[in-house]
Amino acid sequence: MMTMDWDSPIDSNEAGSSFEVLPPGKCSFTVTAFTRATVKNGDMTGANMAKLELRLNDGDRTGKAFENLILHKKTLWKVAQFAVAAGLLKKGDNGAIPWNRVPGASGMCEIKVEDYVKDGETRKKNVVVKFIEQSEIPF
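Every number in our numbering is 10 more than the matching position in the sequence shown, counting from 1.
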């Protein structure tokens, strides 16, 4: 998320902007926002978490998804999938993720559509099922 000053100019065209829910399948992603956080409840309370906002593109449409990568042994598979798909680590590497390179990182992922309820209204959102390694992408 980009912050603004009180005196920053705004684009009035943003008033009606939203994002489209893409159909299930494979698409590209770009990390548009990254925030460090901690898990607040559940069996992983206190674990570090990378909160990601992703711009999705299936070639025809652009959408958005949010992904929380929890830095815990139980969810290490998803963190590693992301790091390899985004080109931050190579498969087989045992190093730390260069978190300063996460904003703007891009790759491919597989998404699905899930329902959620907000303000009593059922809505749809994209959810990342899997981050796809570069070697799995047919050229």
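Backbone N, C-alpha and C define an ideal beta-carbon position, used for all residues, glycine too.
Just so we're clear, the structure is a prediction, and the values are computed from it rather than from any experiment.
Could you pull the DSSP bridge partners for residue i from this structure?
i	result
glutamate 120	Lys36 and Lys140
aspartate 125	Lys134
valine 41	Leu64
Using only the alpha-carbon positions, how far apart do residue i and residue j sit?
i	j	result
glycine 56	histidine 82	10 Å
leucine 32	aspartate 129	22 Å
asparagine 110	glutamine 91	18 Å
aspartate 103	glutamate 143	13 Å
glycine 35	lysine 88	18 Å
valine 123	glutamate 30	11 Å
Counting C-beta neighbours from all protein chains within 10 Å, is the total for residue i 16 or more, i.e. buried, or is it exposed?
i	result
alanine 106	exposed
valine 138	buried
alanine 47	exposed
leucine 86	exposed
glycine 97	exposed
valine 94	buried
Short of 6 Å in beta carbon distance, which residues of its chain neighbour residue i, apart from the five on each side in sequence? Order them along the chain.
i	result
aspartate 68	Leu32 and Cys37
valine 112	Val41 and Phe44
Leaving out five residues on either side along the sequence, give the residues of the same chain with a beta carbon under 8 Å from the beta carbon of residue i.
i	result
leucine 66	Leu32, Cys37, Ser38, Phe39, Thr72, Gly73, Lys74, Ala75, Cys119, Ile121 and Asn136
arginine 133	Asp125, Tyr126 and Val127
Excluding the 5 residues flanking residue i on each side, which residues of the same chain have their C-beta closer than 7 Å to its C-beta?
i	result
isoleucine 80	Val49, Met54, Ala57 and Met59
glutamate 77	Leu62, Leu64 and Val138
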